[in-house]
Amino acid sequence: MAARKTSAKSNISGEELLNYYRDMLLIRRFEEKAGQLYGMGLIGGFCHLYIGQEAVVVGLEAAAEEGDKRITSYRDHGHMLACGMDPKGVMAELTGREGGYSKGKGGSMHMFSREKHFYGGHGIVGAQVPLGAGLAFADKYLGNDRVTFTYFGDGAANQGQVYETYNMAMLWSLPVIFVIENNKYAMGTSVQRATKSPSLWERGASFGIPGEEVDGMDVLAVKAAGEKAVKHCRAGKGPYILEVMTYRYRGHSMSDPAKYRTREEVQKMREERDAIEHVRELLLTGKHASEDDLKGIDKEIKAIVNEAADFSRESPEPALEELWTDIYAADVPQEA
Amino acid sequence: MATEILMPALSPTMEEGTLAKWLVKEGDEITAGQIIAEIETDKATMEFEAVDEGTLGKILIEEGSEGVKVNTPIAVLIEEGESADDIDTAKPEAAKADAGDTKAETAKGADAAPAAAREKFRPPEPDRTPDWPEGTPTRSQTVREALRDAMAEEMRRTDTVFVMGEEVAEYQGAYKITQGLLDEFGARRVIDTPITEHGFAGIGVGAAFGGVRPIVEFMTFNFAMQAIDHIINSAAKTLYMSGGQMGCPIVFRGPNGAAARVGAQHSQCYAAWYAQIPGLKVVMPFTAADAKGLLKSAIRDPNPVIFLENEILYGRSFEVPELEDFTIPFGKAHIARKGADVTIVSFGIGMTYALEAAEKLAEDGIEAEVINLRTIRPMDTDTILASVRKTNRLITVEEGFPQGSVGNYITSVVMEQAFDHLDAPVINLAGKDVPMPYAANLEKLALVTTNDVIEAAHKVTYR
Numbered sequence: 000m001a002a003r004k005t006s007a008k009s010n011i012s013g014e015e016l017l018n019y020y021r022d023m024l025l026i027r028r029f030e031e032k033a034g035q036l037y038g039m040g041l042i043g044g045f046c047h048l049y050i051g052q053e054a055v056v057v058g059l060e061a062a063a064e065e066g067d068k069r070i071t072s073y074r075d076h077g078h079m080l081a082c083g084m085d086p087k088g089v090m091a092e093l094t095g096r097e098g099g100y101s102k103g104k105g106g107s108m109h110m111f112s113r114e115k116h117f118y119g120g121h122g123i124v125g126a127q128v129p130l131g132a133g134l135a136f137a138d139k140y141l142g143n144d145r146v147t148f149t150y151f152g153d154g155a156a157n158q159g160q161v162y163e164t165y166n167m168a169m170l171w172s173l174p175v176i177f178v179i180e181n182n183k184y185a186m187g188t189s190v191q192r193a194t195k196s197p198s199l200w201e202r203g204a205s206f207g208i209p210g211e212e213v214d215g216m217d218v219l220a221v222k223a224a225g226e227k228a229v230k231h232c233r234a235g236k237g238p239y240i241l242e243v244m245t246y247r248y249r250g251h252s253m254s255d256p257a258k259y260r261t262r263e264e265v266q267k268m269r270e271e272r273d274a275i276e277h278v279r280e281l282l283l284t285g286k287h288a289s290e291d292d293l294k295g296i297d298k299e300i301k302a303i304v305n306e307a308a309d310f311s312r313e314s315p316e317p318a319l320e321e322l323w324t325d326i327y328a329a330d331v332p333q334e335a
Numbered sequence: 000m001a002t003e004i005l006m007p008a009l010s011p012t013m014e015e016g017t018l019a020k021w022l023v024k025e026g027d028e029i030t031a032g033q034i035i036a037e038i039e040t041d042k043a044t045m046e047f048e049a050v051d052e053g054t055l056g057k058i059l060i061e062e063g064s065e066g067v068k069v070n071t072p073i074a075v076l077i078e079e080g081e082s083a084d085d086i087d088t089a090k091p092e093a094a095k096a097d098a099g100d101t102k103a104e105t106a107k108g109a110d111a112a113p114a115a116a117r118e119k120f121r122p123p124e125p126d127r128t129p130d131w132p133e134g135t136p137t138r139s140q141t142v143r144e145a146l147r148d149a150m151a152e153e154m155r156r157t158d159t160v161f162v163m164g165e166e167v168a169e170y171q172g173a174y175k176i177t178q179g180l181l182d183e184f185g186a187r188r189v190i191d192t193p194i195t196e197h198g199f200a201g202i203g204v205g206a207a208f209g210g211v212r213p214i215v216e217f218m219t220f221n222f223a224m225q226a227i228d229h230i231i232n233s234a235a236k237t238l239y240m241s242g243g244q245m246g247c248p249i250v251f252r253g254p255n256g257a258a259a260r261v262g263a264q265h266s267q268c269y270a271a272w273y274a275q276i277p278g279l280k281v282v283m284p285f286t287a288a289d290a291k292g293l294l295k296s297a298i299r300d301p302n303p304v305i306f307l308e309n310e311i312l313y314g315r316s317f318e319v320p321e322l323e324d325f326t327i328p329f330g331k332a333h334i335a336r337k338g339a340d341v342t343i344v345s346f347g348i349g350m351t352y353a354l355e356a357a358e359k360l361a362e363d364g365i366e367a368e369v370i371n372l373r374t375i376r377p378m379d380t381d382t383i384l385a386s387v388r389k390t391n392r393l394i395t396v397e398e399g400f401p402q403g404s405v406g407n408y409i410t411s412v413v414m415e416q417a418f419d420h421l422d423a424p425v426i427n428l429a430g431k432d433v434p435m436p437y438a439a440n441l442e443k444l445a446l447v448t449t450n451d452v453i454e455a456a457h458k459v460t461y462r
């Protein structure tokens, strides 16, 4: 069992770095736009932004292969963009329109894509953990070598069902990677105020599940840890836990006055540990890209996000008949 | 191009707020993410971040202003080279009106929806075809054997069907429903779980999302309360939340309701609980033929199905048709006894009391029509209504608690659709409104009895 932080000394090409930069920037700009649309009343209800945590999903997606599955909580926009879902469809779901991934019936917290193997989007804290293990169960039952990335937060890590799942995942050697996105706050409760456990990943030890802590502000470290976990799972050795230390810059949801932490704390993370700035520096110092190149990418991303925002405003609200569809899947014939 | 900064909505319910304080002044350079104002909502004082960068050209709403509506322009950002004098304050008004229109449209449309939809979702005409063709040979079988055979046949038919739960494999089932399945299908498809209902229900639902077809056995449905979040929030709602992309073909089955002398925590009927949930199908068989035909349908159904069995009925024998592939469709009630004087609707073990009562009532010259509902969701209300239009009297019989019972729902349907046909108030017979006592005499008193049904029939027939 590895106890040390993963080091990120691998041979990363400039092209790869540029991809990570682009993917992380897309999430950030998308989320900023979502915040803006929320402020304008175009997005309603709950809206949990992923700003600050971009390196987690981008790093892990870099370790995934076609066919691997992912499932997460309600803070899900970043995961959807990182696995290749269309920003237009995601944004239109946020605005509750027909062009959204769930035809406007799911909202910010409930989106799915069979095509991209994204299984939600779940609003009950911790519920996605056994569901993720179930996806892995199906893969093992069907005899393929896919793995499932099951994301949850430090808050969910205190739910009982997480440990029920650890127990069965190890018992049945399920190919599931438990990714604890530790952003230090469960809504307004800091990890220290919620548990005396010194670390969350180590809790897997009592079930025999290996794991490690990962620097979640370093996309290369996340990728390296992800690759290790994927290899472990694909080899049939059962589950693996990654506790990815990250930070959310924005509130828990849009209506969070953020009185539980200081502005200085947030500012310090942004200035000293920002994951996108980190890759930006690697690109510039490694001479993989010039300032102008990066400006070009910024512009490109801005255009994608603006297109998504426009689509999300222009797409009509769902037809009223949609109220009554998708409650039951079509009946199957009684005969074989 | 000048960008207007609009009064933001900072909570799901905020419509207006107080612009408590400006933290920047006209002419200041602003960066994206900078806190530019403090805004008081109904819940808290929030810091408001700028989304775009630029120079604050003009403040439109002074600090201290109360009741500022969401989306009102509160300031204008200008880019390099622009002057605050160029700001066209008329423009933001247009944006506001635009947003308002959308809301009005939604409200207007919503009125029209329910009536049209109700029209559309009217249940089908009663299906009175017999469950099996006349002349089909039958044999006597217990409910227990019928349930096992149903699972075994479906597991032979489809490799992705498997059964999981506590003691289902090596122990051969706590109530012996899975007897022999491990021998035939092996440990890959007959899976013992640890005692962890919340966890294995969630794993079952996830597996169903992932393309296999689990049968999850709860040792009793009382224990499924630990798993109810996955049954309702994860299994029943996902198809809808995904806009039809992701269904959940899963069966949750096990004994439900009172057994004998097992006390309050092991004696509850969950029919009415689950029947309330759109997205679930809810089945409660009475006979062995019901058990077999309905369980096979449940396993083939692409939706989550709650299959409520009864421990007392497990050992009872009924005739089951000898057919290679016998199924009973959902939403088709069975008229267990024909009669013209009073309609008695029941399901599961309630049918025992309903049928016994009907026999005794016949001795007094009262002919009861007894309807075995079999599926509670979807519910064959057409068969109930057709019977009530004939008998003009209705009694419902179930073991669950009285408030919010299945009988209450049936009554409301009959009130709406056959009110003029009723010659007496409907009587809902249910378990007493008390936790189940342990003492033998008190337990008997807490449950519905044949005598309760007989008394009710006399009452509604006025004889």
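Protein chains in written order, with numbering that gives the first Met the number 0: chain A, 0 to 335; chain B, 0 to 462. All residues carry an ideal CB built from backbone N, CA and C; glycine is no exception.
Handout entry: Alpha-carbon spacing of Thr449 (chain B) relative to Gly164 (chain B), whole angstroms
Key = 35 Å
Exercise for the section: Give a yes or no on whether the minimum CB-CB distance between Lys107 (chain B) and chain A is below 8 Å. Expected result: With a pLDDT of only 42 at Lys107 (chain B), under 50, the local geometry of the prediction cannot be trusted, and the value read off the model is given with reservation. So, not an interface residue.
Handout entry: Length of the line joining the Cα atoms of Asp451 (chain B) and Ala361 (chain B)
Key = 16 Å
Problem - Contacts of Val69 (chain B) in chain A (Cβ-Cβ under 9 Å) - result: Gly38, Met39, Gly40
Practice task
Using the Cα positions of Ala338 (chain A) and Val167 (chain B), report the straight-line distance between them to the nearest angstrom.
Solution key: Any question about residue 338 (chain A) goes unanswered here, given that chain A covers just 0 to 335.
Problem - chain B residues whose Cβ lies nearer than 8 Å to that of Asp325 (chain A) - result: Leu238, Tyr239, Ser241, Gly242, Gly243
Handout entry: Beta-carbon proximity list for Val229 (chain A), same chain, < 6 Å, skipping 5 on both sides
Key = Ala62, Val146
Problem - For Ala111 (chain B), the three-state DSSP class (helix, strand or coil) - result: In this predicted model, Ala111 (chain B) has a pLDDT of only 47, less than 50, meaning its place in the structure is not dependable; the value taken from the coordinates is given anyway. Looking at Ala111 (chain B) - three-state DSSP - the assignment turns out to be helix.
Exercise for the section: Could you list the residues in the stretch 50-61 of chain A with a C-beta less than 7 Å from some C-beta on chain B, going in chain order? Expected result: none
Exercise for the section: Give a yes or no on whether the minimum CB-CB distance between Thr380 (chain B) and chain A is below 8 Å. Expected result: no
Handout entry: Residues near Lys175 (chain B) by beta carbon distance below 7 Å, same chain, minus five either side
Key = Arg143
Problem - Length of the line joining the Cα atoms of Glu14 (chain B) and Val67 (chain B) - result: 9 Å
Exercise for the section: Within its chain, find whatever has a CB closer than 7 Å to the CB of Glu532 (chain B); leave out the 5 residues flanking it on each side and keep chain order. Expected result: A question about residue 532 (chain B) goes unanswered here, because the residues of chain B that appear run from 0 up to 462.
Exercise for the section: Verify whether the separation of the beta carbon atoms of Ala456 (chain B) and Val341 (chain B) is less than 8 Å. Expected result: yes
Practice task
Using a Cβ-Cβ cut-off of 8 Å, state whether Met167 (chain A) counts as contacting chain E.
Solution key: Checking the listed chains, one finds no chain E in this structure; the protein chains it contains are A and B.
Practice task
Check each candidate in B:Phe47, B:Leu393, B:Lys24 and name the one with the smallest Cα separation from Gly32 (chain B).
Solution key: B:Phe47
Practice task
Inspect the beta-carbon positions of Ile327 (chain B) and Phe251 (chain B) and report whether they are closer than 8 Å.
Solution key: no
Handout entry: Partner residues on chain B for Arg113 (chain A), Cβ-Cβ distance less than 7 Å
Key = Gln244, Met245
Practice task
Under 9 Å between beta-carbons, which chain B residues line up against His277 (chain A)? List them in chain order, please.
Solution key: The premise fails here: His277 (chain A) is roughly 17 Å from chain B at the closest Cβ pair, so nothing lies under 9 Å.
Practice task
May I have a chain-ordered list of the alpha helix (DSSP H) segments no shorter than 4 residues that lie completely inside the stretch 57-112 of chain A?
Solution key: 76-81, 86-93
Handout entry: Any C-beta of chain B under 8 Å from that of Asp292 (chain A)
Key = no
Exercise for the section: Identify, in the order they occur along the chain, each residue of the same chain with its Cβ nearer than 7 Å to the Cβ of Val204 (chain B), setting aside the five sequence neighbours on each side. Expected result: His229, Ser233, Ala234, Cys247, Ile249
Handout entry: Strand pairing of Tyr150 (chain A), partner residues [DSSP]
Key = A:Val178
Practice task
Tell me whether Ala339 (chain B) is buried or exposed, calling it buried when 16 or more other Cβ atoms sit within 10 Å of its Cβ.
Solution key: exposed
Problem - Terminal residues of the alpha helix (DSSP H) in which Leu293 (chain B) lies - result: 287-299
Problem - C-beta neighbour in chain B for His109 (chain A), strict 8 Å - result: yes
Problem - Cα-Cα separation between Met108 (chain A) and Ala385 (chain B), rounded to whole angstroms - result: 44 Å
Handout entry: Contact check, Ile311 (chain B) vs Ile276 (chain B), beta carbons under 8 Å
Key = no
Handout entry: Candidates B:Ala270, B:Lys280, B:Arg212: closest to Gly403 (chain B) by CA position
Key = B:Ala270
Exercise for the section: For chain A, find out if any of its Cβ atoms is closer than 8 Å to the Cβ of His333 (chain B); answer yes or no. Expected result: no
Problem - Per-residue DSSP class, three states only, for Thr460 (chain B) - result: helix
Problem - Test: Ser205 (chain A) CB closer than 8 Å to a CB of chain B - result: no
Practice task
Leaving aside the five residues before and after Arg74 (chain A) along the sequence, list all residues of the same chain whose C-beta is less than 7 Å from its C-beta, in chain order.
Solution key: His47, Tyr49
Practice task
Please state if the CB of Lys104 (chain A) and the CB of Glu316 (chain A) are separated by a distance shorter than 8 Å.
Solution key: no
Exercise for the section: Could you tell me the distance, in whole angstroms, from the CA atom of Gly108 (chain B) to the CA atom of Val128 (chain A)? Expected result: Low local confidence applies: a pLDDT of 42 at Gly108 (chain B) is under 50, so the model's placement there is unreliable, and no value is given.
Practice task
Starting from the N-terminal side, write out each stretch of the beta strand (DSSP E) that is 3 residues or longer and does not extend beyond the stretch 48-81 of chain B.
Solution key: 53-58, 64-68, 72-77
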